[in-house]
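*Asks:* First to last, the protein sequences are chains A and B.
My numbering runs 172 ahead of the 1-based position in the first sequence.
My numbering runs 23 ahead of the 1-based position in the second sequence.
C-beta atoms are modelled at their ideal positions from N, C-alpha and C, and glycine is treated no differently.
Here's a structure for you.
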Amino acid sequence: MNAVASTQLPAALTQHTRRPLKSLAPKTWIILLSVLAAALVATFMLIDLRGNIGYILPRRAIKVGSMLLVAYAVGVSTVLFQTVTSNRILTPSIMGFDALYMLIQTALTFAIGGQALLSLGAPARFVIEVGLMVGFSSLLYRWLFTGGGKSLHLMLLVGIVFGVMFRGISSLLQRLIDPSEFIILQDLFFASFNNVDGLLLLVSVAAVAAVSGLAWRMRHQLDVLSLGRDMALNLGVDHKRSVTSVLVICAVLVAVSTALVGPITFFGLLVASLAYQLCSHFRHAYVLPIAVLLGVIALVGGQLVLERVFAFDTALSIVIEFVGGIVFIALLLKGSVK
Amino acid sequence: MASSTITQMAPAAAERAARTRPRGSGGQLIGAGAAIAALAIVSMFVGVSDVSLPALLAGDQTAWDIFWISRVPRTISVVLAGMALSVAGLIMQLMARNKFVEPSTVGTVESASLGILVVTIAVPGAALLTKMSVAAVFAALGTGLFLLVLRRIPLRNTLLVPLVGIMLGGVIASVTTFFAYRFDLLQTLNSWMIGDFSGVLRGRYELLWIVAVLTVVGYLCADRFTMAGMGQEFSTNLGMDYNKVMMTGLVIVSLISAVVVVSIGSIPFLGLIVPNLVSLAFGDNVRRSVPWVAVFGAGFVLACDIIGRTIRFPYEIPVGVVVSAIGSVLFLCLLLRKRERRG
């Protein structure tokens, strides 16, 4: 299986391809991208600022805040996930993580009722949902990933079908619950950048900060993990344990981004692939910030262009699915033709 | 790759295997057909309005009206759609020589709904037949695109094929969603994407008889699709017009998908699950398995439709939702079963 081997090459080995983009040092890229991201955020906050500024600015701040958080959550979770699975095509959302989160929300509504769920309040609800998410996803995906020596394509297909199954079961449950409760659920699901709850944003920031600390402490271990399972074991890393902790981190981050804006399947894949292209260094201390900054630029810039130039509101995720799907097929074919 | 030699068994070997294990004989097929007929009769008496056997026997006019206008057409369309979609899936699998493809995993269904959307936007009041024709053309183009991409994939890689197909479908679906969103048609779009028999009434389902004809044609050509799946050189050597056979298959699959999507909506995974289960039970002798695929397909959809109508009585759950939940679980089992065998 040549095809699989080439897509599963450890990160350090594939870094030495000659591309002009990589001539810049990672630190330079981080500075450049930060400036660009800051400029975009400033533009988004200040463009066309008229009328009741006291009303508009906080609203825009919440919107930008949620975009920053989503970019962060998706970028970090995707890179970490790709590191522990030693490949560059699997991402949490392609493997059905966000569909699992939606299924958990639906199942909770089904089990205890929408009103009861709402009366818990955003923080408690979030804690319960994330707790369930962490439990189920680490069980399910640890079983899928830690066996070793499995075909990449099989894992991908199983992940995609997992996603379809979670979505299928949730839509079945959605039909079974009361229509009035379904409306509550729909409000939870179809949150977009335009109507993010301020309190939920705070809870999310807290959760993300907590797992980020964990991830930052693991950063050197992650560099070793990216060499592949066998090498990492040789170098004395407890592979099973690190995979489990990374899965927990990913579960929290995916829950945050899905709770804020709903599922965007290919966003992580786009951001991570581009980050690997730009960054000439395999260290996570460089790759992670670049991926996050790219995410911010894509989301804030994309939303800015769509809102101001084309006057579309929530179509950004559709555009991302279109471009991301094509990139995904290209990556698949590139891996298999070689 | 032990499993792929099994999944891609040559017809001769399959024939031998079938001879040593004589299963799925004519008598059993008749028995299965009778079971399906029984299910169909049950289906005719499930519903909100009271249509019972005593009422019909007593000559209750309202009961008879409901029976002929709603119940019978619904049951007929369930059977037709179930048979046709399953056989279309089998044909797709023979042509692509891959067990995991079917109209909803290669972009055919998504292309058909893009076609319907285009007609709805361009010619708002178009007749059903026009919608169907445009949908069929789009479905054929989408499937053709997939078959072109397929040529770039090494054939032995059985899992890459459905992966690329599903993603291609996703890309086409995002184009559809984008325009549906622009033209405020998202809700209408849902009615094509989720199969639902509740709208079937006399005078509004007759288009489905087309798929019955197509299913029979598919049955008669089944052996040719197997040969064409072996590759262009191989089939030309056997004296077959490769391109013509592939075109025939493409047209049959696209028309079946288009008709079903226009009149019922999409029923995902049906064409994947049914042929795979049949081949697990009876081996890969295509001539023999086509009737079984048709009977199983009809039975599966009938059962799912009855479940959808009774699980939350008096409300109805669309058959597409039920099939998608059950079908994806079964698909997953098929995939993981393959993994276990590989070790």
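Are there 16 or more other CB atoms within 10 angstroms of the CB of Ser398(A), so buried, or fewer, so exposed?
*Replies:* Translated into positions along the first sequence, residue 398(A) becomes position 226. Buried, by the Cβ-count rule.
*Asks:* Give the C-beta separation of Val342(B) and Gly218(B) to the nearest angstrom, bearing in mind that I take them to be a contact with Cβ-Cβ under 8 angstroms.
*Replies:* Taking the second sequence and counting its residues from 1, the one referred to as residue 342(B) is at position 319. Taking the second sequence and counting its residues from 1, the one referred to as residue 218(B) is at position 195. About 5 angstroms; that satisfies the 8 angstroms criterion.
*Asks:* For Tyr265(B), collect the residues of the same chain with a Cβ closer than 7 angstroms to its Cβ; drop the 5 residues on either side in sequence, then sort them by chain order.
*Replies:* Here residue 265(B) refers to the residue found at position 242 of the second sequence. For Tyr265(B), where only same-chain residues beyond five positions count, the Cβ hits under 7 angstroms are Ala251, Gln255, Ser258 and Thr259.
*Asks:* Give the C-beta separation of Leu353(B) and Ile296(B) to the nearest angstrom, bearing in mind that I take them to be a contact with Cβ-Cβ under 8 angstroms.
*Replies:* The count along the second sequence starts at 1 and reaches residue 353(B) at position 330. The count along the second sequence starts at 1 and reaches residue 296(B) at position 273. With a Cβ gap of about 5 angstroms, Leu353(B) and Ile296(B) count as contacting.
*Asks:* Excluding five sequence neighbours on each side, which residues of the same chain lie with their C-beta closer than 8 angstroms to the C-beta of Phe334(A)?
*Replies:* Start at 1 with the first residue of the first sequence, and residue 334(A) comes out as number 162. Correct list, in chain order: Met267, Gly268, Ala271, Leu272 and Leu312.
*Asks:* Pick helix, strand or coil for Leu186(B), following the three-state DSSP scheme.
*Replies:* Taking the second sequence and counting its residues from 1, the one referred to as residue 186(B) is at position 163. Correct three-state label for Leu186(B): helix.
*Asks:* List, in chain order, every chain A residue whose beta-carbon is nearer than 9 angstroms to that of Arg335(B).
*Replies:* Locating residue 335(B) in the second sequence gives position 312, where the first residue counts as 1. Near Arg335(B) (Cβ distances below 9 angstroms), the residues of chain A are Arg347 and Leu348.
*Asks:* Please list the partners that Ile340(B) has in chain A, where partner means a Cβ-to-Cβ separation under 8 angstroms.
*Replies:* What you label residue 340(B) is simply residue 317 of the second sequence in a count that begins at 1. By Cβ distance, chain A contributes Leu344, Arg347 and Leu348.
*Asks:* Using only the alpha-carbon positions, how far apart do Lys103(B) and Ser414(A) sit?
*Replies:* The residue labelled residue 103(B) in the question sits at position 80 within the second sequence. The residue labelled residue 414(A) in the question sits at position 242 within the first sequence. Before going on, a small fix: residue 103(B) reads as Leu here, not Lys. Going by the C-alpha atoms only, they are around 52 angstroms apart.
*Asks:* If you measure from the beta carbon of Ile189(B) to each beta carbon in chain A, is any gap under 8 angstroms?
*Replies:* The residue you call residue 189(B) lines up with position 166 of the second sequence. True, the Cβ-Cβ gap to chain A drops below 8 angstroms.
*Asks:* Taking the straight line between their C-alpha atoms, what separation do you get for Leu224(B) and Ala279(A)?
*Replies:* As a working mapping, residue 224(B) is identified with position 201 in the second sequence. As a working mapping, residue 279(A) is identified with position 107 in the first sequence. Each residue's alpha carbon lies about 34 angstroms from the other.
*Asks:* Would you kindly report the start and end of the unbroken alpha helix (DSSP H) that includes Thr85(B)?
*Replies:* Against the second sequence, residue 85(B) aligns to sequence position 62. Judged by DSSP secondary structure, Thr85(B) falls within the alpha helix (DSSP H) whose first and last residues are Gln84 to Ile89.
*Asks:* Expressed to the nearest angstrom, what Euclidean distance is found between the alpha-carbon atoms of Arg339(A) and Met274(A)?
*Replies:* Here residue 339(A) corresponds to residue number 167 of the first sequence, with the count starting at 1. Here residue 274(A) corresponds to residue number 102 of the first sequence, with the count starting at 1. One C-alpha to the other measures close to 8 angstroms.
*Asks:* Given a threshold of 16 other Cβ atoms within 10 Å of its Cβ, counted over all protein chains shown, does Met270(B) qualify as buried or as exposed?
*Replies:* Working through the second sequence from its first residue, we reach residue 270(B) at position 247. By the 10 Å Cβ count, Met270(B) comes out exposed.
*Asks:* Smallest Cα separation from Phe438(A): which of His411(A), Ala404(A), Leu488(A) and Ile421(A)?
*Replies:* Within the first sequence, numbered from 1, the residue matching residue 438(A) stands at position 266. A check of alpha carbon separations from Phe438(A) across His411(A), Ala404(A), Leu488(A) and Ile421(A) identifies Leu488(A) as the nearest.
*Asks:* Kindly give me the distance between the Cβ atoms of Glu133(B) and Thr211(B), rounded to whole angstroms, as I take these residues to be in contact under 8 angstroms.
*Replies:* Along the second sequence, one-based indexing puts residue 133(B) at 110. Along the second sequence, one-based indexing puts residue 211(B) at 188. At roughly 16 angstroms, the Cβ-Cβ gap does not stay under 8 angstroms, so Glu133(B) and Thr211(B) are not in contact.
*Asks:* Say whether chain B places a C-beta atom closer than 8 angstroms to the C-beta of Ser429(A).
*Replies:* Here residue 429(A) refers to the residue found at position 257 of the first sequence. False, the Cβ-Cβ gap to chain B never drops below 8 angstroms.
*Asks:* Any Cβ of chain C within less than 8 angstroms of the Cβ of Ile341(A)?
*Replies:* No chain C is present in this structure, whose protein chains are A and B.
*Asks:* With distances taken Cα to Cα, identify the nearest neighbour of Arg389(A) among Thr430(A), Leu471(A), Leu208(A) and His456(A).
*Replies:* By 1-based counting over the first sequence, the position of residue 389(A) is 217. Cα-wise, what sits closest to Arg389(A) is His456(A).
*Asks:* Just how far apart, CA to CA, sit Pro298(B) and Arg297(A)?
*Replies:* Counted from its first residue, the second sequence places residue 298(B) at position 275. Counted from its first residue, the first sequence places residue 297(A) at position 125. Approximately 43 angstroms between the Cα atoms of the pair.
*Asks:* Is any beta-carbon of chain B found at less than 8 angstroms from that of Glu493(A)?
*Replies:* Position 321 of the first sequence holds residue 493(A). Answer yes: the Cβ-Cβ gap between Glu493(A) and chain B drops below 8 angstroms somewhere.
*Asks:* Using 10 angstroms around the beta-carbon of Ile349(B), count the other beta-carbons present and answer buried if the total reaches 16, otherwise exposed.
*Replies:* The residue you call residue 349(B) lines up with position 326 of the second sequence. Label assigned to Ile349(B): buried.
*Asks:* Does Val318(B) come out as helix, strand or coil in the three-state DSSP assignment?
*Replies:* Position 295 of the second sequence, counting from 1, holds the residue named residue 318(B). DSSP places Val318(B) in helix when its eight states are reduced to three.
*Asks:* Can you pull out the residues from the region 433-460 of chain A whose beta carbon lies closer than 9 angstroms to at least one beta carbon of chain B?
*Replies:* Going along the region 433-460 of chain A in chain order, one finds Thr437 and Phe438 with a Cβ nearer than 9 angstroms to chain B.
*Asks:* Kindly indicate if chain A contains any beta-carbon less than 8 angstroms away from that of Arg175(B).
*Replies:* As a first step, residue 175(B) is located in the second sequence; it is residue number 152 there, counting from the start. Cβ-Cβ to chain A under 8 angstroms: yes for Arg175(B).
*Asks:* Measuring only between beta-carbons, confirm whether Phe334(A) sits less than 8 angstroms from chain B.
*Replies:* Along the first sequence, read from residue 1 onward, the residue named residue 334(A) stands at position 162. Phe334(A) counts as touching chain B.
*Asks:* How far does the alpha helix (DSSP H) with Leu240(A) in it extend, from its first residue to its last?
*Replies:* Walking along the first sequence from the start, residue 240(A) turns up at place 68. Annotation: the continuous alpha helix (DSSP H) that includes Leu240(A) extends over Ile225 to Val256.
*Asks:* Do you know offhand how far Phe292(B)'s Cα is from Asp395(A)'s?
*Replies:* Here residue 292(B) is taken as the residue at index 269 of the second sequence, counted from 1. Here residue 395(A) is taken as the residue at index 223 of the first sequence, counted from 1. Asp395(A) has its alpha-carbon roughly 40 angstroms from the corresponding atom of Phe292(B).
*Asks:* Please say whether Leu80(B) and Phe90(B) have beta carbons closer to each other than 8 angstroms?
*Replies:* For the purposes of this step, residue 90(B) is identified with residue 67 of the second sequence, where counting begins at 1. For the purposes of this step, residue 80(B) is identified with residue 57 of the second sequence, where counting begins at 1. No. Outside cutoff.
*Asks:* Give me the Cα-Cα distance between Ala111(B) and Val336(A), rounded to the nearest whole angstrom.
*Replies:* Here residue 111(B) is taken as the residue at index 88 of the second sequence, counted from 1. Here residue 336(A) is taken as the residue at index 164 of the first sequence, counted from 1. Those two C-alpha atoms are separated by around 21 angstroms.
*Asks:* Under a CB-based cut-off of 8 angstroms, is Gly497(A) close to chain B?
*Replies:* The residue given as residue 497(A) occupies position 325 in the first sequence. Yes, its Cβ sits closer than 8 angstroms to a Cβ of chain B.
*Asks:* Straight-line CA distance for Ala304(B) to Gly322(B)?
*Replies:* Position 281 of the second sequence holds residue 304(B). Position 299 of the second sequence holds residue 322(B). Separation of Ala304(B) and Gly322(B) (C-alpha to C-alpha, rounded to the nearest whole angstrom) is 16 angstroms.
*Asks:* By how many angstroms is the C-alpha of Ile189(B) removed from the C-alpha of Val495(A)?
*Replies:* Reading the first sequence from its first residue, position 323 is the one you call residue 495(A). Reading the second sequence from its first residue, position 166 is the one you call residue 189(B). Approximately 15 angstroms between the Cα atoms of the pair.
*Asks:* For Met337(A), return the contacting residues in chain B, with the cut-off set at a CB-CB distance below 7 angstroms.
*Replies:* For the purposes of this step, residue 337(A) is taken as the residue at position 165 of the first sequence. Think of a sphere of 7 angstroms around the beta carbon of Met337(A): the chain B residues whose beta carbon falls inside it are Ser351, Val352 and Leu355, in chain order.
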